[in-house]
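Chemist: Mapping the sequence shown onto numbering that gives the first Met the number 0, position 429 (from 1) lands on 428, and the numbers just tick up by one.
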Amino acid sequence: MTQADVLIVGAGPTGLVLAIWLTKQGIPVRIVDKRRGPGETSRAMAVQARTLELYRQLDIADEVVAAGYKTPAMNMWARGKRKARIALTDAGEDISPYPFVLVFPQDKHERLLLARLRSLGVEVERETELVGFEAHDEHVVATLRAPDGREQTCQARFLAGCDGARSTIRHATGSSFEGGTYKQIFYVADVEASGVEPAGEAHIAFDKSDFVLVMAYGEPNRYRLIGTVQGEPATDPERLSFDDVGHRAIEGLGLEVAGVNWFSTYHVHHRVTERFRHGRVFLLGDAAHVHSPAGGQGMNTGIVDAINLAWKLSAVLKDQAPDALLDSYDTERRAFAHKLVETTDRVFSFATAEGGFADFVRTRIAPVFASVAYELDSVRDYMFRVVSQTMLDYRDGPLGSGLAGKVGGGDRLPFVRFEAGDNYGSLTRIAWQVHVYGAPSDELRHWCDSRGIALHAFAWVDAFGEAGLARDAAYLLRPDGHVGMAVPHGAPQALTAYVEQHGLRFGRD
Numbered sequence: 000m001t002q003a004d005v006l007i008v009g010a011g012p013t014g015l016v017l018a019i020w021l022t023k024q025g026i027p028v029r030i031v032d033k034r035r036g037p038g039e040t041s042r043a044m045a046v047q048a049r050t051l052e053l054y055r056q057l058d059i060a061d062e063v064v065a066a067g068y069k070t071p072a073m074n075m076w077a078r079g080k081r082k083a084r085i086a087l088t089d090a091g092e093d094i095s096p097y098p099f100v101l102v103f104p105q106d107k108h109e110r111l112l113l114a115r116l117r118s119l120g121v122e123v124e125r126e127t128e129l130v131g132f133e134a135h136d137e138h139v140v141a142t143l144r145a146p147d148g149r150e151q152t153c154q155a156r157f158l159a160g161c162d163g164a165r166s167t168i169r170h171a172t173g174s175s176f177e178g179g180t181y182k183q184i185f186y187v188a189d190v191e192a193s194g195v196e197p198a199g200e201a202h203i204a205f206d207k208s209d210f211v212l213v214m215a216y217g218e219p220n221r222y223r224l225i226g227t228v229q230g231e232p233a234t235d236p237e238r239l240s241f242d243d244v245g246h247r248a249i250e251g252l253g254l255e256v257a258g259v260n261w262f263s264t265y266h267v268h269h270r271v272t273e274r275f276r277h278g279r280v281f282l283l284g285d286a287a288h289v290h291s292p293a294g295g296q297g298m299n300t301g302i303v304d305a306i307n308l309a310w311k312l313s314a315v316l317k318d319q320a321p322d323a324l325l326d327s328y329d330t331e332r333r334a335f336a337h338k339l340v341e342t343t344d345r346v347f348s349f350a351t352a353e354g355g356f357a358d359f360v361r362t363r364i365a366p367v368f369a370s371v372a373y374e375l376d377s378v379r380d381y382m383f384r385v386v387s388q389t390m391l392d393y394r395d396g397p398l399g400s401g402l403a404g405k406v407g408g409g410d411r412l413p414f415v416r417f418e419a420g421d422n423y424g425s426l427t428r429i430a431w432q433v434h435v436y437g438a439p440s441d442e443l444r445h446w447c448d449s450r451g452i453a454l455h456a457f458a459w460v461d462a463f464g465e466a467g468l469a470r471d472a473a474y475l476l477r478p479d480g481h482v483g484m485a486v487p488h489g490a491p492q493a494l495t496a497y498v499e500q501h502g503l504r505f506g507r508d
């Protein structure tokens, strides 16, 4: 019988990020995947700003950005005519260090993460399948089938199910997967094409009750198409070819397709499991929630699941927090998953609604309104925050407390640039820390020093106030960059109460 602190089942982006984060924290992991190798194709394309912020903590953000493609603009088309162009470059310049929409296909993304995990001394065990498991009070015993067909057992303190929408682990827990399936059939294709202008930008074309999204890779004449099959197909959806559906993109956008590198059809589901935690077993990514591809949120949401759970597992395994901390993973991430499914469902329903009035709004009103509204700073910032997941907060969760300025417990720390850099630099030290924007008191300095928690003081500039931060307040930050507690005037007594309430213990890394 082998042993590991955490057994991770599934080596997609969610499982790989969980393994990387835990390994960097010194937690022994074992990661298995029944596939022979990483994916050769991918539906997920976009890496959002919040994901890149968290990747910065893992020192891989720069590598991802360099390998990806910053989408310059989104063009909106209707009935074969371009109706609007919305610039995306630097859309969130004052919101995130990554103010753009990055295209980086999941297959390349996985390979980058695999290389990083390998550099940390951990290999994915391929063609290794979870057969079953038994959960006990202090551990989980999993039965694994190796590539040669032999079965072996692995004892782990915790089991993480990152094994996709048809999760074996979710089924074994008996957790329901509430939701439904959209009636529309989706298709995805990688094509060599020309004719669409401006080249190298994103385009979305609306028609009566369907749409086609075209995304550029940053490589000459190479595009990803995502769309819906209009009406009832005359043949089995699995037997459809690009020739059966591609005319919609060709007519709607003026595409001239020279070659099809990959084509697939699929149904889309919108579901959230009833519980993300079952004792020592956790569900993450598609194993816990699935939704429409609207907004490019799926892969990013799974990655944030992984990081939310990773720092909590690390704290519990290092005896720096009680087991109860792990309950907050379920509370925080399940609430966000429900909100995300509701939002993407509304967007998809609008894009595919049937009827003359819906068609008129989608093809005549929406493009004009979007282009005009996007010129307003408030609208542009709001849209960036929603799509980039930088709007995500855990204010209603069990770990958020206090309010200082406009920033409260549970909020993502506002990003602020200043002459010497930005306030996110210290977050690369993956640990609890205190930020003060202004002058920390001697009492607060002593409190931090006595508990082995880093204190980062930033000389006050007006930009901090504009971001909602309060002068001289203390912000106790979680390892994932969210505010645990916000204390006006930096009074350490409130911090002591918070730490004791949650049973937190800090150590010098």
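We put the beta carbon where it would ideally sit given N, CA and C, even for glycine.
(1) Does the region 102–120 touch the region 40–58, meaning 3 or more C-beta pairs lie closer than 8 angstroms?
(2) I need the DSSP call for residue 251, collapsed to helix, strand or coil.
(3) Can you find the residues in the same chain that come closer than 7 angstroms, C-beta to C-beta, to residue 161, ignoring five residues on each side of it along the sequence?
(4) Tell me the DSSP bridge mates of residue 193?
(5) What are the residues that DSSP puts in a beta bridge with residue 407?
(6) Rounded to whole angstroms, what is the Cα-Cα separation between residue 202 and residue 275?
(7) Can you list, in chain order, the stretches of the alpha helix (DSSP H) that have 4 or more residues and sit fully within the region 384–471?
(8) Once DSSP output is grouped into helix, strand and coil, what is the label at residue 85?
(9) Rounded C-beta distance between residue 200 and residue 71? I'm assuming under 8 angstroms.
(10) What span of residues does the alpha helix (DSSP H) with residue 307 cover, start to end?
(11) If residue 91 sits next to residue 380, beta carbons under 8 angstroms apart, how far is it from one beta carbon to the other, in whole angstroms?
(12) Who pairs with residue 484 in a beta bridge, going by DSSP?
(13) I need the straight-line Cα distance from residue 189 to residue 39, nearest angstrom please.
(14) Taking 6 angstroms as the limit between beta carbons, can you name the residues of its chain near residue 241, skipping five residues before and five after?
(15) Which partner residues of residue 266 appear in the DSSP bridge assignment?
(16) Roughly how far, in whole angstroms, is the beta-carbon of residue 264 from the beta-carbon of residue 184, given that I think they are within contact range, below 8 angstroms?
(17) Over what stretch of residues does the alpha helix (DSSP H) that includes residue 21 continue unbroken?
(18) By Cβ distance, which residues of its chain are closer than 6 angstroms to residue 164, with the 5 residues on each side in sequence left out?
(19) Is there contact here, the region 399–411 with the region 479–494, by at least three beta-carbon pairs under 8 angstroms?
(20) Please classify residue 364 as buried or exposed, where buried requires at least 16 neighbouring CB atoms within 10 angstroms.
(21) Can you grab the Cα-Cα spacing for the pair residue 4 / residue 146, in whole Å?
(22) Per DSSP, what kind of secondary structure is residue 33 in: helix, strand or coil?
(23) Do three or more CB pairs link the region 125–138 to the region 40–55 at distances below 8 angstroms?
(24) Here's the rule: buried if 16 or more other CB atoms are within 10 angstroms of the residue's CB, otherwise exposed. What is residue 172?
(25) Looking only at its own chain, which residues have a Cβ that is under 8 angstroms from the Cβ of residue 22, when we skip the five neighbours before and after it?
(26) Quick check: what's the CA-CA separation for residue 426 versus residue 490?
(27) Alpha carbons only, please: which of 461, 469, 443, 297 is nearest the one belonging to residue 530?
(28) By alpha-carbon positions, which one of 24, 0, 19, 1 ends up nearest to residue 428?
(29) Taking 8 angstroms as the cut-off, decide whether the C-beta atoms of residue 312 and residue 157 are in contact.
(30) When you compare the CB positions of residue 471 and residue 435, do they come within less than 8 angstroms of one another, or not?
(31) Taking the C-alpha atoms as reference points, what is the distance between residue 143 and residue 316?
(32) Rounded C-beta distance between residue 73 and residue 82? I'm assuming under 8 angstroms.
(33) If you draw a straight line from the C-alpha of residue 392 to the C-alpha of residue 408, how long is it?
(34) Would you grab the beta carbon distance between residue 152 and residue 141 for me? Rounded to a whole angstrom, and I think it's under 8 angstroms.
(35) With the cut-off set at 8 angstroms, would you say residue 66 and residue 98 are in Cβ contact?
(36) Looking at the structure shown, is residue 275 part of a helix, part of a strand, or coil, going by DSSP?
Modeler: Taking the coordinates as given:
(1) yes
(2) Against the sequence shown, residue 251 aligns to sequence position 252. In the structure shown, residue 251 sits in a helix (DSSP, three-state: H, G or I).
(3) Taking the first residue of the sequence shown as position 1, residue 161 is located at position 162. The residues are 7, 8, 9, 11, 13, 14, 17, 283, 284, 286.
(4) For the purposes of this step, residue 193 is identified with residue 194 of the sequence shown, where counting begins at 1. DSSP lists 255 as partners of residue 193.
(5) Locating residue 407 in the sequence shown gives position 408, where the first residue counts as 1. Per DSSP, 402.
(6) Start at 1 with the first residue of the sequence shown, and residue 202 comes out as number 203. Start at 1 with the first residue of the sequence shown, and residue 275 comes out as number 276. In a straight line, the C-alpha of residue 202 is about 36 angstroms away from that of residue 275.
(7) 441–450, 461–465
(8) Translated into positions along the sequence shown, residue 85 becomes position 86. Note: residue 85 maps to strand in three-state DSSP.
(9) Counting from 1 along the sequence shown, the entry for residue 200 is found at position 201. Counting from 1 along the sequence shown, the entry for residue 71 is found at position 72. So it is a contact: roughly 5 angstroms between Cβ atoms.
(10) Residue numbering aside, residue 307 sits at position 308 when the sequence shown is read from its first letter. Residue 307 -> alpha helix (DSSP H) spans 297–316.
(11) Indexing the sequence shown from 1 puts residue 91 at position 92. Indexing the sequence shown from 1 puts residue 380 at position 381. Indeed they touch by this definition, with Cβ atoms about 7 angstroms apart.
(12) Numbered from 1 along the sequence shown, position 485 holds the residue referred to as residue 484. Bridge partners of residue 484: 400, 475.
(13) Along the sequence shown, read from residue 1 onward, the residue named residue 189 stands at position 190. Along the sequence shown, read from residue 1 onward, the residue named residue 39 stands at position 40. Rounded to whole angstroms, residue 189 to residue 39 spans 12 angstroms at the Cα level.
(14) Within the sequence shown, numbered from 1, the residue matching residue 241 stands at position 242. Taken in chain order, the residues that qualify are 188, 259, 262.
(15) Translated into the one-based positions of the sequence shown, residue 266 becomes position 267. DSSP, once it has assigned bridges, lists 184 as partnering residue 266.
(16) Along the sequence shown, one-based indexing puts residue 264 at 265. Along the sequence shown, one-based indexing puts residue 184 at 185. At roughly 6 angstroms, the Cβ-Cβ gap stays under 8 angstroms, so residue 264 and residue 184 are in contact.
(17) Residue 21 sits at position 22 when you count from the first residue of the sequence shown. Note, residue 21: alpha helix (DSSP H), 12–23.
(18) As a first step, residue 164 is located in the sequence shown; it is residue number 165 there, counting from the start. Same-chain partners within the cutoff: 285, 289.
(19) yes
(20) Position 365 of the sequence shown, counted from the start, is the residue given in the question as residue 364. Result: exposed.
(21) In the sequence shown, counting from the first residue as 1, residue 4 sits at position 5. In the sequence shown, counting from the first residue as 1, residue 146 sits at position 147. Each residue's alpha carbon lies about 23 angstroms from the other.
(22) In the sequence shown, counting from the first residue as 1, residue 33 sits at position 34. Coil, per DSSP.
(23) no
(24) Looking up residue 172 in the sequence shown gives position 173. Buried.
(25) For the purposes of this step, residue 22 is identified with residue 23 of the sequence shown, where counting begins at 1. The answer, listed in chain order, is 28, 116, 119, 120, 121.
(26) The residue labelled residue 426 in the question sits at position 427 within the sequence shown. The residue labelled residue 490 in the question sits at position 491 within the sequence shown. If I take the Cα positions, the gap works out to 22 angstroms.
(27) Because residue 530 is not part of the residues shown, which for the chain are 0 to 508, the question remains open.
(28) As a first step, residue 428 must be located in the sequence shown, where it is residue number 429. Checked all of 24, 0, 19, 1; the closest Cα to residue 428 is 24.
(29) Position 313 of the sequence shown, counting from 1, holds the residue named residue 312. Position 158 of the sequence shown, counting from 1, holds the residue named residue 157. Yes.
(30) Counting from 1 along the sequence shown, the entry for residue 471 is found at position 472. Counting from 1 along the sequence shown, the entry for residue 435 is found at position 436. Their beta carbons are under 8 angstroms apart, which means residue 471 touches residue 435 by this criterion.
(31) As a position in the sequence shown, residue 143 is number 144, starting the count at 1. As a position in the sequence shown, residue 316 is number 317, starting the count at 1. So the alpha carbons of these two residues sit roughly 23 angstroms apart.
(32) The residue given as residue 73 occupies position 74 in the sequence shown. The residue given as residue 82 occupies position 83 in the sequence shown. With 8 angstroms as the limit, residue 73 and residue 82 do not qualify as a contact, their Cβ atoms being about 12 angstroms apart.
(33) Against the sequence shown, residue 392 aligns to sequence position 393. Against the sequence shown, residue 408 aligns to sequence position 409. C-alpha separation (whole angstroms): 9 angstroms.
(34) Taking the first residue of the sequence shown as position 1, residue 152 is located at position 153. Taking the first residue of the sequence shown as position 1, residue 141 is located at position 142. At roughly 7 angstroms, the Cβ-Cβ gap stays under 8 angstroms, so residue 152 and residue 141 are in contact.
(35) Counting from one through the sequence shown, the residue named residue 66 turns up at place 67. Counting from one through the sequence shown, the residue named residue 98 turns up at place 99. No, the pair does not count as a contact, with Cβ atoms beyond the cut-off.
(36) Sequence index remark: in the sequence shown, residue 275 carries index 276 (1-based). Note: residue 275 maps to coil in three-state DSSP.
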